[in-house]
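Novice: Residue numbers (this note's numbering), protein chains in the order written: chain A, 26 to 151; chain B, 255 to 658.
Positions of the beta carbon are idealized from the N, C-alpha and C atoms, including for glycine.
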Amino acid sequence: MAYGKKVLDHYENPRNVGVLDKDATNVGTGMVGAPACGDVMRLQIQVNDNGVIEEAKFKTYGCGSAIASSSLLTEWVKGKTLDEASQIKNTEIVDELELPPVKIHCSVLAEDAIKAAITDLKNKAN
Amino acid sequence: MLTPTYMDYSSTTPVDPRVAKKMAKYLTMEGDFGNAASRSHYYGWQAEKAVDEARSQVADLVGADPREIVWTSGATESNNLAIKGIANFYHKRGKHIITLKTEHKAVLDTCRQLEREGFEVTYLDPMANGLLDIEEFKKTIREDTILASFMHVNNEIGVIQDLQTIGDICRENKVFFHVDAAQSVGKIEINLASLPVDLMSFSAHKIYGPKGMGALYVSRKPRVRLEAQMHGGGHERGMRSGTLATHQIVGMGEAFAIAKAEMKEESERTLKLRQRLYDGFSDMEEVVVNGDLDQRISGNLNISFNYVEGESLMMAISGVAVSSGSACTSASLEPSYVLRALGLSDELAHSSIRFSVGRYTTEKDVDDAIALVREKVEKLRDLSPLWDMYKDGIDLNSVQWAAH
Chain A
26 MAYGKKVLDH
36 YENPRNVGVL
46 DKDATNVGTG
56 MVGAPACGDV
66 MRLQIQVNDN
76 GVIEEAKFKT
86 YGCGSAIASS
96 SLLTEWVKGK
106 TLDEASQIKN
116 TEIVDELELP
126 PVKIHCSVLA
136 EDAIKAAITD
146 LKNKAN
Chain B
255 MLTPTYMDYS
265 STTPVDPRVA
275 KKMAKYLTME
285 GDFGNAASRS
295 HYYGWQAEKA
305 VDEARSQVAD
315 LVGADPREIV
325 WTSGATESNN
335 LAIKGIANFY
345 HKRGKHIITL
355 KTEHKAVLDT
365 CRQLEREGFE
375 VTYLDPMANG
385 LLDIEEFKKT
395 IREDTILASF
405 MHVNNEIGVI
415 QDLQTIGDIC
425 RENKVFFHVD
435 AAQSVGKIEI
445 NLASLPVDLM
455 SFSAHKIYGP
465 KGMGALYVSR
475 KPRVRLEAQM
485 HGGGHERGMR
495 SGTLATHQIV
505 GMGEAFAIAK
515 AEMKEESERT
525 LKLRQRLYDG
535 FSDMEEVVVN
545 GDLDQRISGN
555 LNISFNYVEG
565 ESLMMAISGV
575 AVSSGSACTS
585 ASLEPSYVLR
595 ALGLSDELAH
605 SSIRFSVGRY
615 TTEKDVDDAI
625 ALVREKVEKL
635 RDLSPLWDMY
645 KDGIDLNSVQ
655 WAAH
C-alpha cells in the first residue's frame with residue numbers, strides 16, 4: 026500500500042512534536058489508544074486567558090497515518106477556542122490526508138485525543 | 255526512483271538467472287514444449303525426460319527417491335494435499351490431528367477446514383523460543399491421533415524444529431508425520447532417507463525457483479497413502495491430476511540442484527551477514543530478538559525495536575524492503591499470531607521487523623540497513639509517548655489503556 030503525499034509530508038516533517046507541562050492549570054492532556062492496538066496518541070493543548078488554544082504538542086506511537094493525523098490536528102487546533110476545537114471531525118482529517126478505509130481508525134483516534142485533552146482541561150478548571 | 259534493497263528473502267526470492275535461462279527452453283516451438291503425458295511422440299518424450307530429470311534433482315537435495323516426489327503448485331497445495339489427503343484416507347483409523355499454533359496459515363486453515371468436517375485438531379503452544387515442547391507433544395498424542403504436522407523452519411522467526419526427535423515419537427505412536435519445509439529446503443541439510451518423516455512440503459520460489467511451483471514428498475517406505483484432492487487425468491500416480499508445467503518443474507529442479515551444490519557456502523555467507531546485522535543493533539536499548547537465536551535458519555533476523563511501531567518503521571526505512579509483525583494495515587489490528595503465540599507483549603509484536611537476507615545480499619546492503627534503521631528508530635522513539643513513559647520508569651502494563 027502506498028502512502029498519500031500529505032501523509033508522507035506530515036510523517037517526514039511532523040509538526041509540533043513535544044511535551045507541555047501536564048501539571049500546568051492551562052494545559053490539557055489527552056492520551057488515547059493502546060499499545061495492544063498498535064497506536065497510542067498523546068495530544069496536549071495550552072490555552073491563554075481568553076480560552077484560545079495557543080500551543081499544541083503531540084507524541085504518537087503508531088503507523089505513519091496515526092502520526093500524520095496527530096501532527097495535522099496540532100496544526101488545526103492552534104488559534105481555535107475549545108468549543109471550535111471540539112467540533113473537529115475525524116472525517117475532515119480523512120479528507121485532508123486522503124486516508125484509505127483501513128486507516129480511518131487513525132483519524133478517529135486523533136478526534137478522541139483532542140476531546141480527551143479538552144475534557145482534561147475542563148476537569149482541571151472545576 | 256531508486257529501488258529499495260531487498261531484505262525479504264523469506265517472503266520470496268528472485269529466480270536465479272541460471273534457472274530462468276533453463277526454464278526458457280521449455281516454452282516455445284523451438285524448445286521442449288510438449289506434454290509429458292503424451293507417450294506416443296517425440297515432444298512428449300522430451301518433456302517427460304525433462305520432468306524426470308527435475309524430479310531426480312528435487313529428490314537428490316532431500317535424500318528421497320524420485321518416485322516419492324509429487325509435483326504441486328506450491329507449498330500451500332502440498333500442505334493441503336498432505337493433511338487432507340491423510341485425513342480423508344485414514345479417517346477410519348482416527349480423527350485427531352496435532353499441530354502448532356505458529357504453523358503457516360496453509361496448515362492452520364487446512365486444519366480448520368477438517369474441523370468443520372468432523373476432525374478434532376489440537377493446536378499446541380510453542381515454547382517462548384518458538385520450538386515445540388516435546389513433552390507436551392507426547393502428552394497430546396491419543397489412540398485416535400492419525401497425523402502430526404509441524405513446520406521445519408518457521409517463516410516469521412526462522413526457528414528450526416528437531417525433526418528427528420519429533421519423527422521418532424510419531425513412529426513409536428503410529429502417527430503420520432507431515433513437515434512443511436518451505437522455509438528450510440535448500441538452506442539446511444534434509445535427509446529423508448534417514449529422517450522419520452512421512453510427508454514433506456516444498457516450494458520452489460523460496461530458493462530462487464519460480465512461483466507457482468512446489469512438490470510433496472510422499473514416503474514409500476513406510477508406505478503412505480493419500481486421497482487425491484485434485485481429480486482429472488490421474489497424473490502423479492493419481493495423487494495430483496493436471497498437465498505438468500514442464501518449464502516450472504524444470505525451474506524447480508534446477509533451483510534445487512543449485513541449492514545442493516551451493517548450500518554450504520551460501521549458508522555460511524548468509525549467517526555472517528545475519529550476524530553482522532544483529533551486531534549492528536545489539537548495543538541499542540530495548541531491542542529483542544524474537545525466537546531462538548541459535549536454533550535458527552541463517553538468513554533470518556526477527557527483531558523488535560520496542561516502543562516503535564513496526565509499520566511506521568518500515569515506512570521510515572523505505573529504502574530497505576522488509577516485513578513486520580505489526581498488522582496495522584490489516585482490518586483486525588491484531589499483530590502477528592506467531593509472535594503472540596511466543597508470549598510476546600502486544601507492543602513488542604507490533605514493533606517487530608523481519609529481515610531476511612539471501613543469495614544477492616551484500617555486506618554493504620547490511621551496513622546501509624543498519625545505519626538507516628538506527629537513525630529512524632531514534633527519530634521514532636523521539637516521537638513515541640511510550641518511549642517517554644519507559645524513560646520515566648513507568649510500567650506500561652500498569653497503565654489503564656483505552657483499547658479501541
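Which bits of chain B does A200 of chain A rub up against, with CB to CB less than 9 Å?
Specialist: Outside the displayed span of chain A (26 to 151) sits residue 200 of chain A, for which this structure offers no information.
Novice: Quick check: A138 of chain A and K103 of chain A, are their CB atoms within less than 9 Å of each other?
Specialist: No, they are not a contact pair.
Novice: Following the continuous alpha helix (DSSP H) through H604 of chain B, name the residue where it begins and the one where it ends.
Specialist: First-last of the alpha helix (DSSP H) with H604 of chain B: 600-604.
Novice: May I ask you to report which of helix, strand or coil DSSP gives A290 of chain B?
Specialist: It is coil, neither helix nor strand.
Novice: 9 Å is my cut-off, CB to CB: does A570 of chain B come that close to chain A?
Specialist: So, interface residue.
Novice: Run through the DSSP bridge pairs and tell me what W325 of chain B is partnered with.
Specialist: Note: W325 of chain B sits in a beta bridge opposite B:A469.
Novice: Using a cut-off of 7 Å between C-beta atoms, extract the partners of I92 of chain A located in chain B.
Specialist: By Cβ distance, chain B contributes S566, L637.
Novice: Using a cut-off of 7 Å between C-beta atoms, extract the partners of E601 of chain B located in chain A.
Specialist: Per Cβ cutoff of 7 Å: P60.
Novice: For G55 of chain A, which of A:D120, A:I143, A:D34, A:P125 has the nearest alpha-carbon?
Specialist: Considering only alpha carbons, the answer is A:I143.
Novice: At 8 Å on the CB atoms, spell out the chain A contacts of P589 of chain B, in chain order.
Specialist: Here the neighbours are G63.
Novice: At least one CB of chain A closer than 9 Å to the CB of D649 of chain B: is that the case?
Specialist: No - not a single Cβ of chain A is within 9 Å of the one on D649 of chain B.
Novice: Check whether the stretch 538-547 of chain B touches the stretch 401-413 of chain B, taking contact to mean three or more Cβ pairs, one atom from each stretch, closer than 8 Å.
Specialist: The stretch 538-547 of chain B is in contact with the stretch 401-413 of chain B.
Novice: 9 Å is my cut-off, CB to CB: does Y344 of chain B come that close to chain A?
Specialist: No, Y344 of chain B lies away from the interface with chain A (no Cβ there is under 9 Å from its Cβ).
Novice: In this structure, what does DSSP give as the bridge partners for K84 of chain A?
Specialist: Answer is A:R67, bridged to K84 of chain A.
Novice: Just grab the DSSP bridge partners of R347 of chain B for me.
Specialist: According to DSSP, which records beta bridges pairwise, R347 of chain B is partnered with nothing at all.
Novice: I want to see whether chain A comes within less than 9 Å of S294 of chain B, judged by CB atoms only; does it?
Specialist: S294 of chain B does not count as touching chain A.
Novice: Can the beta-carbon of V65 of chain A be found closer than 9 Å to that of W655 of chain B?
Specialist: Yes.
Novice: Between the Cα of P320 of chain B and the Cα atoms of B:R272, B:A308, B:D649, which residue gives the shortest distance?
Specialist: The candidate whose alpha carbon is nearest that of P320 of chain B is B:A308.
Novice: Looking at the C-beta of V562 of chain B, does it have a partner C-beta in chain A at a distance below 9 Å?
Specialist: Yes - at least one Cβ of chain A is within 9 Å of the one on V562 of chain B.
Novice: Can you tell me which of the three DSSP states L122 of chain A falls into?
Specialist: In this structure, L122 of chain A counts as helix in the three-state DSSP scheme.
Novice: Can you tell me whether DSSP reads S652 of chain B as helix, strand or coil?
Specialist: In this structure, S652 of chain B counts as helix in the three-state DSSP scheme.
Novice: Interface residues of chain A around D642 of chain B at Cβ under 9 Å?
Specialist: Under the 9 Å cutoff, chain A gives V44, R67, K84.
Novice: Give the interface partners of S580 of chain B over in chain A, defined as CB-CB distance under 9 Å, in chain order.
Specialist: Within 9 Å Cβ-Cβ: G63, C88.
Novice: Go through its chain and collect everything with a Cβ distance to S111 of chain A's Cβ below 8 Å, but skip five positions before and after it.
Specialist: Counting only Cβ-Cβ distances below 8 Å, and skipping sequence neighbours, we find I139, K140, I143.
Novice: Please work out which residues of its chain come closer than 8 Å, Cβ to Cβ, to P476 of chain B, disregarding the five sequence neighbours upstream and downstream, and give them in chain order.
Specialist: Cβ within range, chain order: D452.
Novice: What residue does the beta strand (DSSP E) around G253 of chain B start on, and which one ends it?
Specialist: There is no way to answer for residue 253 of chain B, as the model of chain B reaches only from 255 to 658.
Novice: Give the single residue among B:T364, B:K633, B:D642 whose Cα lies nearest to the Cα of Y36 of chain A.
Specialist: Ranking the options by Cα distance to Y36 of chain A, first place goes to B:K633.
Novice: Between H406 of chain B and chain A, is the shortest Cβ-Cβ distance under 9 Å, so that the two count as touching?
Specialist: Answer no: the Cβ-Cβ gap between H406 of chain B and chain A never drops below 9 Å.
Novice: Taking the alpha helix (DSSP H) that A570 of chain B belongs to, which residues open and close that run?
Specialist: Where A570 of chain B is concerned, the enclosing alpha helix (DSSP H) stretches over 564-570.
Novice: Which runs of the beta strand (DSSP E) fall wholly inside the stretch 462-532 of chain B and span at least 3 residues, in chain order?
Specialist: With a minimum length of 3 residues, the continuous beta strand (DSSP E) runs that stay inside the stretch 462-532 of chain B are 468-472.
Novice: Could you check the C-alpha separation between E660 of chain B and M405 of chain B for me, to the nearest Å?
Specialist: What is shown of chain B runs 255 to 658, which leaves residue 660 of chain B out entirely.
Novice: G58 of chain A CB to nearest chain D CB: under 9 Å?
Specialist: No chain D appears in this structure, whose protein chains are A and B.
Novice: What's the gap between the Cα of V269 of chain B and the Cα of K275 of chain B?
Specialist: Rounded to whole angstroms, V269 of chain B to K275 of chain B spans 10 Å at the Cα level.
Novice: Which same chain residues, not among the five before or five after A301 of chain B, have their C-beta less than 7 Å away from its C-beta?
Specialist: Same-chain partners within the cutoff: D286, G288, N289, A290, T500.
Novice: Can you give the Cα-Cα distance for R528 of chain B and L596 of chain B, rounded to whole angstroms?
Specialist: Each residue's alpha carbon lies about 22 Å from the other.
Novice: Check for me: the beta strand (DSSP E) holding G298 of chain B runs from which residue to which?
Specialist: First-last for G298 of chain B: 296-316, but that is the alpha helix (DSSP H), not the beta strand (DSSP E).
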